[in-house]
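All remarks here apply to the structure that follows.
In my numbering, the protein residues as written are 3 to 120.
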């Protein structure tokens with residue numbers, strides 16, 4: 003069982019959010035993510051029913067790097083501009099081709115409000 007990485011993500015409202023994670027074996031070789039999908043949700047609290055932000059390989063906000071073991075998170079500037087919340091909690095799950103789910107990361111997510119506007 004993989005112990006999830008504990009992360010604090012910071013989104014700058016109005017700016018493109020990019021974050022690269024790399025999943026490695028204990029011997030520091032990358033985990034092969036070929037054929038996997040990924041999903042991530044930010045919620046105000048763990049118990050909250052509504053997701054504040056969703057990232058997935060399906061919606062194009064997560065890209066997996068196959069044999070390199072990379073997980074790229076991407077939220078465009080238009081989406082971050084529209085964020086009306088201050089923070090929340092998240093987890094990031096990898097779904098393997100056989101259906102096994104691994105929680106790769108979890109933690110908090112905060113938003114730094116934008117000062118400059120059009």
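A virtual CB, placed ideally from N, CA and C, is assigned to each residue, including glycine.
Per DSSP, the unbroken beta strand (DSSP E) holding residue 72 starts and ends at 72-77. Judged by their CB atoms, residue 113 and residue 88 are nearer to each other than the 8 Å cut-off.
In the DSSP assignment, the residues bridged to residue 32 are 26.
The Cβ-Cβ distance between residue 13 and residue 111 falls below 8 Å. Here residue 71 is not near residue 119, since their CB atoms are 8 Å or more apart. Under a 10 Å Cβ-count criterion, residue 20 is classified as exposed, with fewer than 16 other Cβ atoms of the shown protein chains found around its own Cβ. Taking a contact as a CB-CB distance under 8 Å, the pair residue 92 and residue 26 does not count as one, their CB atoms being some 21 Å apart.
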